Amino acid sequence: MDTGANVLAVSGAVVKYGRITALHGIDLVVGKGELVCLLGANGAGKSSLLNAVAGLVPLAEGRIEFSGKDVTGVSCHKRNHAGISLSPEGRRILADLTVRENLRLAAARLPKGDQAGRIGEMFELFPVLERKLDSSGGFLSGGEQQQLAIARALLSDPDLLLLDEPSLGLDPINTGKIFDSLGSLKERGLSILLAEQNVTRALELADRAYVLETGRVSISEDARNLSGEEIERAYLGLATTPGGSF
Amino acid sequence: MDLSQFAQQTINALSLGSIYALVAIGLGVVFSIARMVNFAHGELLTIAGYTLYGLFGRVPWPVAIAGAIAAASAAAVVMERGVFRRVKSADPVALLIVSFALSLMIQAVLLILMGGTAKSIDYPSWVQASFTLGGVNVAWRDVATCVVTFAVLIALVRFLKQSVVGLALRASAEDRDVARLLGVDPRKVIVAAFAISGALAGLAGIMWFSNSGTVTPSSGFEPLMKGFIAAVLGGLGSLGGAVVAGLGLGILEILLRNVLPDGMLGLSDGLVFVAIIVVLLIRPEGLFGKVGREV
Numbered sequence: 002m003d004t005g006a007n008v009l010a011v012s013g014a015v016v017k018y019g020r021i022t023a024l025h026g027i028d029l030v031v032g033k034g035e036l037v038c039l040l041g042a043n044g045a046g047k048s049s050l051l052n053a054v055a056g057l058v059p060l061a062e063g064r065i066e067f068s069g070k071d072v073t074g075v076s077c078h079k080r081n082h083a084g085i086s087l088s089p090e091g092r093r094i095l096a097d098l099t100v101r102e103n104l105r106l107a108a109a110r111l112p113k114g115d116q117a118g119r120i121g122e123m124f125e126l127f128p129v130l131e132r133k134l135d136s137s138g139g140f141l142s143g144g145e146q147q148q149l150a151i152a153r154a155l156l157s158d159p160d161l162l163l164l165d166e167p168s169l170g171l172d173p174i175n176t177g178k179i180f181d182s183l184g185s186l187k188e189r190g191l192s193i194l195l196a197e198q199n200v201t202r203a204l205e206l207a208d209r210a211y212v213l214e215t216g217r218v219s220i221s222e223d224a225r226n227l228s229g230e231e232i233e234r235a236y237l238g239l240a241t242t243p244g245g246s247f
Numbered sequence: 003m004d005l006s007q008f009a010q011q012t013i014n015a016l017s018l019g020s021i022y023a024l025v026a027i028g029l030g031v032v033f034s035i036a037r038m039v040n041f042a043h044g045e046l047l048t049i050a051g052y053t054l055y056g057l058f059g060r061v062p063w064p065v066a067i068a069g070a071i072a073a074a075s076a077a078a079v080v081m082e083r084g085v086f087r088r089v090k091s092a093d094p095v096a097l098l099i100v101s102f103a104l105s106l107m108i109q110a111v112l113l114i115l116m117g118g119t120a121k122s123i124d125y126p127s128w129v130q131a132s133f134t135l136g137g138v139n140v141a142w143r144d145v146a147t148c149v150v151t152f153a154v155l156i157a158l159v160r161f162l163k164q165s166v167v168g169l170a171l172r173a174s175a176e177d178r179d180v181a182r183l184l185g186v187d188p189r190k191v192i193v194a195a196f197a198i199s200g201a202l203a204g205l206a207g208i209m210w211f212s213n214s215g216t217v218t219p220s221s222g223f224e225p226l227m228k229g230f231i232a233a234v235l236g237g238l239g240s241l242g243g244a245v246v247a248g249l250g251l252g253i254l255e256i257l258l259r260n261v262l263p264d265g266m267l268g269l270s271d272g273l274v275f276v277a278i279i280v281v282l283l284i285r286p287e288g289l290f291g292k293v294g295r296e297v
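Read top to bottom, the protein sequences are chains A and B.
So for the first sequence, our numbering puts the first residue at 2; every next one is plus one.
So for the second sequence, our numbering puts the first residue at 3; every next one is plus one.
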């Protein structure tokens with residue numbers, strides 16, 4: 002696997018929770034400026050893979066390279082410092098902190114002079130956050146919380162953004178807003194690895210897609226080449242295409 | 003009890019309750035971050051007491067006080083780095099036993115180093131002095147205890163809300179994984195929590211020993227137990243709960259000492275515990291507690 006131009010290269014990733022194996026040797030790459038989509042039914046291993054890349058769960062086997070450097074044994078907060086940022090599943094907003102405090106903490110590692118400007122950029126992307134600055138995170142609506150979660154992940158100025166189910170539980174209007182924001186981020190050249198159940202919207206934005214099935218890559222394909230039938234078969238556990246590389 | 007006696011006892015109760023509140027907050031800060039109750043917290047008060055014993059009369063009193071706070075804070079960090087960090091993955095019961103063992107070990111070391119006899123702490127004379135206000139005799143010690151506790155609480159709240167370290171502490175208390183995802187180093191947060199907890203214990207120790215005037219290796223046990231009760235009663239980790247419960251405990255204790263007949267004074271602690279059991283039966287999570295309590 003040529004990892005020279007890739008922001009992220011995962012090889013042979015195995016994740017275990019006790020006796021249960023969630024990932025069985027996953028290979029995956031994300032190129033610079035690419036939006037790569039992870040598809041699959043619930044329990045396919047999408048969140049486990051994102052959490053492993055972010056450093057929340059350790060690899061039992063395999064290797065993770067970020068910008069050409071091995072980060073397999075690097076702790077979660079140091080991966081964030083290095084440029085990997087995850088917006089986790091379920092948003093996981095710090096409910097007792099205000100929006101301002103959530104953003105301030107996320108921007109804390111930037112140089113002091115850059116913090117306000119960077120937070121201002123988030124207000125351009127997600128205007129509602131500026132209006133709710135002093136609201137506790139727990140009092141935001143689902144859509145607002147999701148925008149805050151993504152803004153928080155972006156504030157560390159990452160080279161790789163990991164997004165776990167950003168449209169989960171959102172109504173169509175808020176889902177549209179989130180995908181519009183992802184489109185803007187992609188245009189700015191940010192590398193994104195997106196796990197998403199909303200297949201149609203995800204594939205509209207994605208350059209490439211991996212379909213996971215019970216912890217294995219069943220399909221890896223250019224997004225525009227993926228047919229609805231292939232995806233449907235993968236979701237039903239009927240895909241037979243072996244995992245390939247690009 | 004006439005009005006002036008009532009006013010005097012109220013001041014005593016607030017002063018005693020302030021100390022319990024400081025101990026409870028110290029325990030709560032560590033509990034919020036490390037999910038453990040540090041029963042060696044009482045020994046941090048004792049260490050502050052012995053530091054005062056060594057420094058008062060030799061250095062200006064503000065330096066002695068700063069030294070006592072610094073010693074307790076440093077001892078708390080040493081506890082974390084030397085002991086608790088090595089067993090952080092242990093289950094809560096094991097952590098509890100470790101903290102008890104550490105408490106007994108520190109007491110034993112102090113017994114060897116300082117002896118078992120009570121050491122008299124030579125506080126500055128103004129601490130023991132008092133003044134009369136509207137017929138009420140008020141000890142400067144009690145005034146200082148209430149004012150300092152109030153000031154520390156305001157400073158602590160500002161620190162938790164406005165500083166990055168404070169935000170990191172609150173974030174880690176609420177969701178450790180999310181804090182890590184935002185770049186917060188969990189080790190530094192735990193050290194900060196122990197350092198703050200130790201400083202609060204040092205402050206509480208300075209106030210506690212100004213009342214008793216002497217320190218022994220086991221002196222920290224009583225304030226620890228009362229502070230622990232206040233922490234549980236208020237809801238472990240709840241700053242506001244610790245203050246309310248600490249002050250309430252102080253008021254209840256002083257009230258019982260005054261209303262019980264002489265022959266029943268020995269029952270006052272028992273009655274306090276009965277009242278606490280009743281409260282916890284009604285609200286097992288404490289007065290201000292909730293699941294996943296924040297700092």
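Just so it is clear, CB atoms sit at the ideal spot from N, CA and C, and this is done for glycine as well.
A quick note: this is a predicted structure, and the numbers were derived from the prediction, not measured.
Quick one, are the C-beta atoms of residue i and residue j less than 7 Å apart?
i: Gly32 (chain A); j: Asn7 (chain A); result: yes
i: Leu202 (chain B); j: Ile27 (chain B); result: yes
i: Ile71 (chain B); j: Leu205 (chain B); result: yes
i: Gln221 (chain B); j: Thr48 (chain B); result: Residue 221 (chain B) is actually Ser in this sequence, not Gln. Going by C-beta atoms, Ser221 (chain B) is nearer than 7 Å to Thr48 (chain B).
i: Val276 (chain B); j: Leu254 (chain B); result: no
i: Ala10 (chain A); j: Gly63 (chain A); result: no
i: Ala96 (chain A); j: Gly143 (chain A); result: no
i: Ser157 (chain A); j: Gly185 (chain B); result: yes
i: Val16 (chain A); j: Ala53 (chain A); result: yes
i: Phe127 (chain A); j: Gln148 (chain A); result: yes
i: Ala108 (chain A); j: Gln116 (chain A); result: yes
i: Leu289 (chain B); j: Gly242 (chain B); result: no
i: Val100 (chain B); j: Val111 (chain B); result: no
With distance defined between alpha-carbon atoms, name the residue in the options nearest to residue i.
i: Val166 (chain B); options: A:Phe127, A:Leu51, A:Glu102; result: A:Glu102
i: Ala173 (chain B); options: A:Lys187, A:Ser168, A:Arg153, A:Leu98; result: A:Leu98
i: Ile85 (chain A); options: A:Val100, A:Ala55, A:Ala14, A:Pro112; result: A:Ala55
i: Ile13 (chain B); options: B:Leu289, B:Gly250, B:Gly265; result: B:Gly250
i: Leu16 (chain B); options: B:Leu29, B:Leu57, B:Arg143; result: B:Arg143
i: Ala33 (chain B); options: B:Val246, B:Gln164, B:Ile192, B:Val129; result: Checking the sequence, you will find Phe at residue 33 (chain B) rather than Ala. Closest option to Phe33 (chain B), Cα to Cα, is B:Ile192.
i: Glu45 (chain B); options: B:Pro225, B:Leu258, B:Phe133, B:Gly56; result: B:Pro225
i: Val149 (chain B); options: B:Thr119, B:Gly118, B:Leu24; result: B:Leu24
i: Val31 (chain B); options: B:Ala73, B:Phe161, B:Leu106; result: B:Phe161
i: Ala78 (chain B); options: B:Ala50, B:Pro64, B:Gly56; result: B:Ala50
i: Leu163 (chain A); options: A:Phe67, A:Ser228, A:Leu171, A:Ala61; result: A:Phe67
i: Val154 (chain B); options: B:Gln109, B:Thr218, B:Ile21; result: B:Ile21
Spell out whether any CB of chain A is found under 7 Å from the CB atom of residue i.
i: Asp124 (chain B); result: no
i: Gly294 (chain B); result: Residue placement at Gly294 (chain B) cannot be trusted, given a pLDDT of 46 that sits under 50; what the coordinates show is reported in the next sentence. Gly294 (chain B) does not count as touching chain A.
i: Arg182 (chain B); result: yes
i: Val61 (chain B); result: no
i: Leu169 (chain B); result: yes
i: Gly185 (chain B); result: yes
i: Glu82 (chain B); result: no
i: Glu287 (chain B); result: no
i: Ala36 (chain B); result: no
i: Asp179 (chain B); result: yes
i: Val191 (chain B); result: no
Would a check of beta-carbon distances place residue i closer than 7 Å to chain B?
i: Ser192 (chain A); result: no
i: Leu87 (chain A); result: yes
i: Ser137 (chain A); result: no
i: Leu57 (chain A); result: yes
i: Ala23 (chain A); result: no
i: Ser49 (chain A); result: no
i: Glu122 (chain A); result: no
i: Glu166 (chain A); result: no
Buried or exposed for residue i, going by 16 or more other Cβ atoms inside 10 Å?
i: Ala131 (chain B); result: exposed
i: Asn226 (chain A); result: exposed
i: Arg209 (chain A); result: buried
i: Tyr18 (chain A); result: exposed
i: Pro286 (chain B); result: exposed
i: Ser122 (chain B); result: exposed
i: Ile156 (chain B); result: exposed
i: Phe140 (chain A); result: exposed
i: Asp135 (chain A); result: exposed
i: Met266 (chain B); result: exposed
Taking 6 Å as the cut-off, is the C-beta of residue i nearer than that to any heavy atom in the ligand ATP?
i: Ile108 (chain B); result: Absence of the ligand ATP is noted for the structure shown, with no ligands found whatsoever.
Worksheet item: Whole alpha helix (DSSP H) runs in the stretch 201-241 of chain A with 4 or more residues, listed along the chain?
Response: 229-236
Worksheet item: What are the start and end residues of each continuous alpha helix (DSSP H) run of 4 or more residues lying completely inside the stretch 38-118 of chain A, in chain order?
Response: Those alpha helix (DSSP H) runs which fall completely within the stretch 38-118 of chain A and span 4+ residues are 47-55, 77-83, 100-107.
Worksheet item: Where are the beta strand (DSSP E) runs, 3 residues long or more, that stay fully inside the stretch 171-256 of chain B, in chain order?
Response: none
Worksheet item: Residue ranges of each alpha helix (DSSP H) run of no fewer than 4 residues wholly in the stretch 117-195 of chain A, ordered along the chain?
Response: 128-132, 143-155, 173-188
Item to complete: Would you mind listing the alpha helix (DSSP H) stretches within the stretch 74-136 of chain B that are 4+ residues and don't spill past its ends, in chain order?
Response: 94-116, 127-130
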